[in-house]
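With the first letter of the sequence shown counted as 1, position 290 gets the number 296 in this note's numbering; the numbers rise by one all the way through.
Structure, as structure tokens:
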Amino acid sequence: MSVVGARPGHASAYLVRAAVTAPSVHNSQPWLFVSDGDRGIEVHADAGRRLPLADPHGREMLISCGAALFNVRLAMRHLGFKPVVRDFPEPGDPSFLARVMWGAYAPPTGEEQRLYGALHRRHTVRGPLLADPLPAGLLDALRDHARAEGAELHVVGDPGGRRRLAALVRAGEEAQHPDCLPLTGRDYAGLAPLFPAPPRRGQGRSGLVAILGTDRDDRRAWLRVGQALERVLLHAAAHDVMAAFHTQPLEVPHLRARTRRTVGEGAFPQMILRLGHASGVCPLPRRPLAEVLR
7 MSVVGARPGH ASAYLVRAAV TAPSVHNSQP WLFVSDGDRG IEVHADAGRR LPLADPHGRE
67 MLISCGAALF NVRLAMRHLG FKPVVRDFPE PGDPSFLARV MWGAYAPPTG EEQRLYGALH
127 RRHTVRGPLL ADPLPAGLLD ALRDHARAEG AELHVVGDPG GRRRLAALVR AGEEAQHPDC
187 LPLTGRDYAG LAPLFPAPPR RGQGRSGLVA ILGTDRDDRR AWLRVGQALE RVLLHAAAHD
247 VMAAFHTQPL EVPHLRARTR RTVGEGAFPQ MILRLGHASG VCPLPRRPLA EVLR
């Protein structure tokens, strides 16, 4: 589909195919999309796919939907249109997260094209990362991308901070799954070697460790940080850098409060990431288009 020749009224399926490549917490894929004809598309939360024990307030559900919303915006830019976004357009319908309308024509920037090209390259890592260093300048660029969406990317580089964060991740895992083997016995998601004293510039087999945070902790902030998350992940993927997520301590209130001290009292932690090069990363299955587009 060419940028100039795209017809908005025929593009809903195109937008949703881009949207559903987004990551979601525990691969829950808690989104629905409603075509609004020539005007645009609606993004809704599929509340039936919220995880009630891990996510009682829907925070992770909105983060996941925010990532999908960013991809809708990006796909519109790839087609050469400026997205016009209105979030939470109907206060009486909490599942209606955003209406994205076709705006004026404007060619996509080179960076937008690179981000779009990374949609199908980005995959979530579920194991250890390679020890290869990150490309020069990437970390600063990732911080800028997070900031552009209203979030902050806080790097946990000192050994003490990494050890404390590792302990919180383990405590969160044990709180949710007390009958499971301990992390050190099963290398859950590559966490057994996570956060040792880093051998070089804060990066070892665990990769670069970072926390994505916001200055508020409400539904609008959760939707916003989901967009920041996907923007960060796509820029990283464009440089062959992938991410692993660790939500365990953020799903237990008192552990999330302790995690907050890592980023400072002025910020709320929303996602814990490991970033690095990976091998053998496989895409996860996606819900069929007919199930998520109405």
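Even glycine gets a Cβ: it sits at the ideal position worked out from N, Cα and C.
- When C-alpha distances from ARG79 are compared across ALA28, ARG292, ALA142, the shortest belongs to ALA28.
- For PRO165, the enclosing alpha helix (DSSP H) stretches over residues 165-182.
- In the DSSP assignment, PHE274 falls within the unbroken beta strand (DSSP E) covering 274-282.
- Here TYR122 is not bridged, per DSSP, to any residue.
- For LEU103 against LEU75, the beta-carbon gap comes to about 7 Å, under 8 Å, which counts as contact.
- In the three-state scheme derived from DSSP, where H, G and I count as helix and E and B as strand, GLY54 is classed as helix.
- With a cutoff of 8 Å on beta-carbon distance, GLY156 and ARG105 are scored as not near each other.
- Following the DSSP letters along the chain, one finds HIS160 inside the beta strand (DSSP E) bounded by residues 158-161.
- The stretch 230-244 and the stretch 145-153 touch, with no fewer than 3 CB-CB distances between them shorter than 8 Å.
- For ILE47, the beta-bridge partners assigned by DSSP are SER41, VAL106.
- Going by beta carbons, TRP228 and ILE69 fall inside the 8 Å limit.
- Pairing ALA216 with LEU281 gives a Cβ-Cβ distance under 8 Å.
- The Cβ-Cβ distance between ARG132 and ALA249 does not fall below 8 Å.
- Cβ-Cβ separation between ALA19 and LEU299: approximately 6 Å, consistent with a contact (criterion under 8 Å).
- Ranked by how close their Cα comes to the Cα of MET107, the residues PRO100, ALA17, CYS71, MET67 have ALA17 in first place.
- Between the C-alpha atoms of LEU171 and LEU121 there is a straight-line separation of about 30 Å.
- Excluding residues up to 5 positions away in sequence, SER34, PRO36 lie with their Cβ nearer than 6 Å to the Cβ of ARG55 in the same chain.
- One thing to note: GLY219 has its Cβ no nearer than 8 Å to the Cβ of PRO139.
- In summary, LEU125 is buried, with 16 or more beta-carbon neighbours lying within 10 Å of its beta-carbon over all protein chains present.
- Cα atoms of ALA284 and LEU136: separation of roughly 6 Å, rounded to the nearest angstrom.
- DSSP places GLY219 in the strand class (E or B) of the three-state scheme.
- If you draw a straight line from the Cα of LEU159 to the Cα of ASP99, it comes to about 31 Å.
- Residue ALA25 holds the alpha-carbon nearest to the alpha-carbon of VAL49 among GLY116, ALA25, PRO62, ARG65.
- Bridge partners of TYR111 according to DSSP: PHE87.
- Per DSSP, ALA60 is not a residue of any beta strand (DSSP E), being assigned neither H nor E.
- Here DSSP, grouped into helix, strand and coil, assigns THR268 to helix.
- The Cβ neighbour count for HIS63, taken over all protein chains shown within 10 Å, is under 16; the residue is labelled exposed.
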